[in-house]
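J.: Pasting a structure below so you can have a look.
In this note's numbering, the protein residues as written are 256 to 438.
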């Protein structure tokens, strides 16, 4: 009975190690996402290649709203894979139509990541709102907006709750408890 209890505790703690910090409230604002993005694309998900720690999502671009490229197809890299889930990353589905706030990873290879993770992925129904914000942002000073954003956000939203060192510590404690309970 005690072994089962320890095992359940270990599994709960193990799942907590993949929990990521949440975004600052301003990350949900389209104006913030635009200022953090290199490009904005409207398109359809045509393919998803899943690897253990990441996925490569192929997007057929219908329209560039910002930072146009001559490419009709791009790849978006997410930190979601067959063996790793990051709750802050956007999830994609084949055939889905999306608007993506993008940051350049390798423009020559047409590879990008979604700005700020999940908040940077929008349904196509947000198109008019995004276009309106693009117009507003082109009229205002980007430096003013960035100063406001820097004063209200934290520097890193990818800090694991426990991390690898915590996992090793927990594993050692569980082994110690199990050995002690046998005696």
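Glycine included, each C-beta is placed from N, C-alpha and C at the ideal position. Source: prediction; values computed, not measured.
#1: Per the DSSP calculation, residue 359 is bridged to which residue(s)?
#2: Is residue 435 helix, strand or coil when you go by DSSP?
#3: Quick check on the DSSP output: the alpha helix (DSSP H) that includes residue 288 runs from which residue to which?
#4: Relative to the C-alpha of residue 284, which candidate in 339, 370, 426 and 425 has its C-alpha closest?
#5: Taking only the alpha-carbon atoms, compute the straight-line gap between residue 345 and residue 325 and give it to the nearest angstrom.
#6: Short check: CB of residue 311 to CB of residue 328, under 8 angstroms?
#7: In three-state terms, what does DSSP make of residue 255?
#8: Could you tell me whether the stretch 334-341 touches the stretch 349-364, using the rule of 3 or more Cβ pairs below 8 angstroms?
#9: Helix, strand or coil for residue 320 per DSSP?
#10: Ignore the nearest five residues each way along the sequence and tell me which others in residue 399's own chain have a CB closer than 8 angstroms to its CB.
#11: CB-CB under 6 angstroms to residue 333, same chain, minus the five flanking residues each way: which ones, in chain order?
#12: Let me confirm a value: residue 307 is counted as buried when at least 16 other C-beta atoms fall within 10 Å, else exposed. Which label applies?
#13: What does a CB cutoff of less than 8 angstroms around residue 351 pick up in its chain, not counting 5 residues either side in sequence?
T.: Here's the rundown:
#1: The residue you call residue 359 lines up with position 104 of the chain shown. Bridge partners of residue 359 according to DSSP: 367.
#2: Sequence index remark: in the chain shown, residue 435 carries index 180 (1-based). Reduced to three states, the DSSP call for residue 435 is helix.
#3: Taking the chain shown and counting its residues from 1, the one referred to as residue 288 is at position 33. For residue 288, the enclosing alpha helix (DSSP H) stretches over residues 285-291.
#4: Taking the chain shown and counting its residues from 1, one reaches residue 284 at position 29. It is 370 whose Cα lies nearest to the Cα of residue 284.
#5: If you number the chain shown from 1, residue 345 lands on position 90. If you number the chain shown from 1, residue 325 lands on position 70. So the alpha carbons of these two residues sit roughly 25 angstroms apart.
#6: If you number the chain shown from 1, residue 311 lands on position 56. If you number the chain shown from 1, residue 328 lands on position 73. No, they are not a contact pair.
#7: Residue 255 lies beyond the residue range present for the chain, which begins at 256 and ends at 438; the question has no answer from this structure.
#8: The stretch 349-364 and the stretch 334-341 do not touch, with fewer than three beta-carbon pairs separated by less than 8 angstroms.
#9: Here residue 320 refers to the residue found at position 65 of the chain shown. Here residue 320 sits in strand by DSSP.
#10: Counted from its first residue, the chain shown places residue 399 at position 144. Residue placement at residue 399 is poorly supported in this model, since its pLDDT is 46, which falls under 50; the coordinates still yield a value, given next. So the list is empty, once near-sequence residues are dropped.
#11: Reading the chain shown from its first residue, position 78 is the one you call residue 333. Sequence-distant Cβ neighbours of residue 333 in its own chain, meaning closer than 6 angstroms and more than five residues away, are 310 and 344.
#12: Residue numbering aside, residue 307 sits at position 52 when the chain shown is read from its first letter. Result: exposed.
#13: Indexing the chain shown from 1 puts residue 351 at position 96. Cβ neighbours of residue 351 beyond the five flanking positions: 299 and 300.
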